[in-house]
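In terms of the working numbering, the sequence shown is residues -1 to 218. No residue lacks a Cβ here, since even glycine has one placed at the ideal position from N, Cα and C. Quantities reported herein were computed from a predicted structural model and do not represent experimental measurements. Okay, structure first, notes after.
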Amino acid sequence: MRRFQILAAALFIVCASLVAFASEPTTTTISGDYVEARTASVFAGACHFNGEVVTTGRDAVVAWNVTSGKWNGVDLAGVRAIAVVTSDDTLLSTDALRRMEVTIDTSASEAQAAAFVRVLEKKYASSFGQVTSVHRAPVTFRHVKDSYRVEAVGFASLNVDAMPNKECCKMPHLVWYAPLVPVKDRKVGYTSKVTYSGGVLGEAWERGHENSAFYGPFTL
-1 MRRFQILAAA LFIVCASLVA FASEPTTTTI SGDYVEARTA SVFAGACHFN
49 GEVVTTGRDA VVAWNVTSGK WNGVDLAGVR AIAVVTSDDT LLSTDALRRM
99 EVTIDTSASE AQAAAFVRVL EKKYASSFGQ VTSVHRAPVT FRHVKDSYRV
149 EAVGFASLNV DAMPNKECCK MPHLVWYAPL VPVKDRKVGY TSKVTYSGGV
199 LGEAWERGHE NSAFYGPFTL
């Protein structure tokens, strides 16, 4: 009887492990281009940073161009998305409530769009908070050298270029934030213009002509 109980317990543990394993999302490395632009300078002098940190920097436009990878068997290569994230406090605060509104390019299938949203929810919840709304619309993502032009007409856009002489790399002590998405060899960019047309996250806004961007290749 004792032996039977031990065997039964062992069998239960094995079955539970198999169920837990089956419930885990299967994924291969997901990689591509990433760019973000905030409503505050990420590279600036200390006085400039301190002047902004209590008054602005609660919003950002972020964008991805996935080049390879799968989530639960769904190939995400070619998926383009742009999103707006807002926080109840500066994005430097990790305790404030955050929300995100996303637009995924219409060239993505419904399965791809759903899988990409799951990636955001599973991998980036601490950075973006709750995904409150998902839209489907054409998304253009142009990356030429160190320039980015991303737009979903009627939703959001960003124009970002490299900083002259890569100043952010020469003076890293003046970089006050980290990208919302971990990127390799991250660079600080100059935002000529970033816009949100307004929606579930609030009223429309526009910023520009400041060192408020990060960009680089991402890998999950």
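Select from the options the residue whose C-alpha is nearest the C-alpha of residue i.
i: Lys102; options: Lys120, Phe126, Gly76; result: The question names Lys, but residue 102 is Ile in the sequence shown. Per the Cα distances, Gly76.
i: Glu201; options: His46, Val52, Thr84, Asp31; result: Thr84
i: Val100; options: Tyr213, Ala61, Ala38, Ala109; result: Ala61
i: Leu90; options: Phe139, Lys121, Thr37; result: Thr37
i: Ala154; options: Val192, Thr53, Leu172, Val179; result: Val192
i: Ala135; options: Val72, Glu149, Ala113, Arg184; result: Glu149
i: Leu178; options: Ala44, Thr104, Thr92, Asn48; result: Thr92
i: Arg132; options: Thr27, Phe114, Thr217; result: This sequence places Val at residue 132; Arg is not what is there. Of Thr27, Phe114, Thr217, the residue nearest in Cα terms is Phe114.
i: Phe47; options: Tyr213, His171, Ala112, Val151; result: His171
i: Met98; options: Trp203, Gly214, Arg78, Asp57; result: Asp57
i: Asp144; options: Val64, Thr26, Pro215; result: Pro215
i: Ser124; options: Thr104, Ala109, Gly152, Ala94; result: Ala94
i: Thr88; options: Thr53, Lys182, Met169, Val129; result: Thr53
i: Leu199; options: Val129, Glu119, Pro180; result: Val129
i: Ala106; options: Thr138, Glu204, Val173; result: Thr138
i: Ala79; options: Tyr32, Val72, Glu119, Ala109; result: Tyr32
i: Asp73; options: Cys45, Glu108, Ala44, Gly55; result: Glu108
i: Gln110; options: Arg184, Asn63, Tyr175; result: Asn63
i: Gly55; options: Tyr175, Thr104, Met169; result: Tyr175
Kindly list the residues whose CB is nearer than 6 Å to the CB of residue i, restricted to its own chain and excluding five residues on each side of it in sequence; keep chain order.
i: Ser66; result: Ser29, Ala75
i: Val117; result: Trp69
i: Ser211; result: Reading off the sequence shown, one finds Ala at residue 211, where the question assumed Ser. Same-chain partners within the cutoff: Ala35, Val158, Gly187, Thr189.
i: Val59; result: Ala35, Val82, Ala154, Leu156, Val192
i: Glu50; result: Ala38
i: Asp86; result: Ala94, Leu95
i: Gly152; result: Ser195
i: Arg140; result: Arg147
Which residues bound the alpha helix (DSSP H) around residue i?
i: Val115; result: 108 to 121
i: Val51; result: 44 to 51
Based on the DSSP output, what are the partners of residue i in its beta bridges?
i: Val129; result: Met98
i: Gly30; result: Val64, Phe216
i: Ala35; result: Val59, Ala211
Among residues of its own chain, excluding the 5 on either side of residue i, which ones have a beta-carbon nearer than 7 Å to its beta-carbon?
i: Asn209; result: Ser39, Val40, Phe41, Ala42, Met161, Val186, Tyr188
i: Gly206; result: Thr189, Ser190, Lys191, Val192
i: Cys45; result: none
i: Thr104; result: Arg134, Ala135, Pro136
By Cβ distance below 8 Å, which residues in the same chain neighbour residue i in space, the five residues on each side in sequence not counted?
i: Leu218; result: Thr25, Thr27, Ile28, Ser29, Gly67, Val117, Lys121
i: Lys182; result: Gly214, Pro215, Phe216, Thr217
Strictly under 8 Å for the Cβ-Cβ distance: is residue i near chain D by that measure?
i: Arg147; result: Among the chains of the structure shown, chain D does not appear; only one protein chain is present.
Contiguous beta strand (DSSP E) assignments of at least 3 residues, all confined to the region 134 to 217: Secondary structure in the region 134 to 217: the beta strand (DSSP E) runs of 3 residues or longer, each lying completely within the stretch, are 138 to 142, 145 to 150, 154 to 160, 185 to 194, 203 to 205, 208 to 217 in chain order.
Unbroken stretches of the beta strand (DSSP E), 3 residues or longer, contained in the region 57 to 85: 57 to 66, 78 to 85
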